[in-house]
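Just so you know, the UniProt record's numbering puts 73 at position 73 of the sequence shown, and the rest follows in order with no gaps.
Positions of the beta carbon are idealized from the N, C-alpha and C atoms, including for glycine.
First the structure, in the form of structure tokens, and then the observations on it.
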Amino acid sequence: MVLTGLNFVAVTAMVKHVGSDVPAAQGAFLRYLLGLVFLIPMVRPILAAHLTRRQLKLFAGRGVVHTIAVILWFYAMARIPIADVTAMNYLSPVYVTLGAALLLKEPLPPRRLAAVIMALVGAVIILRPGFREIDPGHVAMLGTALMFAAGYLIAKQLSGEVSAAVVVGMLSIAVTIGLAPFAWVVWIPVSWADVGWLFLVACFATAGHYSMTLAFASAPLTVTQPVTFLQLIWAVLLGALVFGEPVDGWVVFGGAVIMASISFITWREAAAKRRITPTAHQTKG
């Protein structure tokens with residue numbers, strides 16, 4: 001997860017560098033199209049997986065939500081500071097918790113509900129409506145986090161059924177197809193320099209998704225989730241040192257509130273599982 005965070009911060013920096021030179025949908029499409037080169041070693045595992053109809057539907061669903069998320073994310077990156085993008089993306093696990101309660105009828109105990117409310121308070125601290133102008137990029141990030149949350153739920157389910165190579169490869173195929181019509185509508189000529197940067201985005205993003213899938217398969221969320229807070233620290237430093245963005249203490253504080261809430265939620269879920277799962281001594285008895 002540490003490696004995942006470094007990869008995704010690098011992706012953020014390069015997308016920020018390309019900025020608004022390329023429309024969001026086109027930039028996202030080129031990133032995934034160029035990334036198809038990494039599918040070559042994944043073709044054999046995908047064919048050997050013999051995916052069921054149910055798994056194909058799950059991959060297609062993940063492709064749809066990820067397509068929308070990526071377009072919104074590219075749009076937000078061109079409009080708001082890197083730290084804002086990173087901090088607001090922490091809302092994804094909160095959406096996961098709310099979605100599981102509302103759609104899957106999973107229990108939402110008072111302590112977990114309080115943590116969700118605190119996370120939403122953290123989002124308000126970042127946005128500070130009435131105290132500063134809310135950019136459309138902030139609204140886009142709210143949608144981005146929601147769509148990524150849906151994608152993470154599907155990825156977590158699939159990571160226990162197929163290999164990381166299959167999960168990453170199928171995502172690349174589905175999102176490339178999904179982005180194509182959106183890119184065609186807004187297509188403009190692009191420079192070779194922008195193509196080069198977007199290829200690097202594809203390199204680091206593919207590495208990030210692969211390492212994230214490995215982390216999901218090998219460690220509980222209580223271990224992997226808190227580590228992601230380091231992304232905000234790196235994003236703040238990157239924005240200040242490379243792009244000259246002022247350090248907004250409220251954004252860091254709001255991100256910390258969200259991350260603390262997420263850590264509490266994952267800890268409570270792990271504790272609940274330990275209570276349900278019998279110990280080795282109990283099973284022997």
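query                                                                                                                      : result
Cβ-Cβ separation, G35 to A202 (assumed contact under 8 Å), whole Å                                                         : 3 Å
Cβ shell of V236 (< 7 Å), same chain only, five flanking positions each side left out                                      : A83, V247, V252
DSSP beta-bridge partners of R132                                                                                          : P129
Helix, strand or coil at S172 [DSSP, three-state]                                                                          : helix
Residue environment, H138, which counts as buried when at least 16 other CB atoms sit within 10 Å                          : buried
Contiguous beta strand (DSSP E) assignments of at least 3 residues, all confined to the UniProt domain "EamA" (137 to 266) : none
I265 to Y210 span [Cα, whole Å]                                                                                            : 25 Å
Beta-carbon separation (whole angstroms), I186 vs A87, contact threshold 8 Å                                               : Note on residue identity: the sequence assigns Val, not Ile, to residue 186. In fact, because the Cβ distance is near 28 Å, the residues do not count as touching under 8 Å.
Proximity of residue 307 and P45 at Cβ, strictly below 9 Å                                                                 : The structure shown does not extend to residue 307, since the chain is modelled only from 1 through 285, so no value can be given for it.
Separation of T52 from L158, as counted between CA atoms                                                                   : 12 Å
Three-state class that DSSP yields for A28 in the structure shown                                                          : helix
For K16, the three-state DSSP class (helix, strand or coil)                                                                : helix
Endpoints, the alpha helix (DSSP H) within which Y90 is located                                                            : That residue, Y90, is in no alpha helix (DSSP H); it is neither H nor E in DSSP.
Contact the segment 133 to 150 vs the segment 64 to 79: 3+ CB pairs below 8 Å                                              : yes
The segment 121 to 141 in contact with the segment 3 to 23 per 3-pair CB rule at 8 Å                                       : no
Cutoff 6 Å; reference E245; Cβ partners in own chain excluding five residues on either side                                : P81, G239
Beta-carbon spacing of G5, F74 below 9 Å                                                                                   : no
Where V121 falls: helix, strand or coil (DSSP)                                                                             : helix
W192 burial status per 10 Å Cβ neighbour count (16 or more: buried)                                                        : exposed
Under 9 Å between C-beta atoms of A119 and V257                                                                            : yes
Own chain, CB closer than 6 Å to P278, minus 5 neighbours either side, in chain order                                      : Interpretation of P278 is limited by its pLDDT of 43, a score under 50 that renders its predicted location unreliable; the figure taken from the coordinates is listed afterwards. Closer than 6 Å at the Cβ level, and outside the excluded window around P278, lies no residue.
Residue of K156, V70, R132, T97 minimising C-alpha distance to V116                                                        : T97
Span of the alpha helix (DSSP H) around I58                                                                                : According to the sequence displayed, residue 58 carries Leu and not Ile. Segment 53 to 77, the alpha helix (DSSP H) holding L58.
Separation of V43 from V162, as counted between CA atoms                                                                   : 14 Å
Minimum C-alpha distance to A48 - residue among G169, L3, R132, Y32                                                        : G169
CA nearest to the CA of V190, picked from T12, W234, V11, R31                                                              : R31
Beta-carbon proximity list for F199, same chain, < 7 Å, skipping 5 on both sides                                           : L34
C-alpha gap between W267 and N7, whole angstroms                                                                           : 26 Å
For V22, three-class secondary structure by DSSP                                                                           : coil
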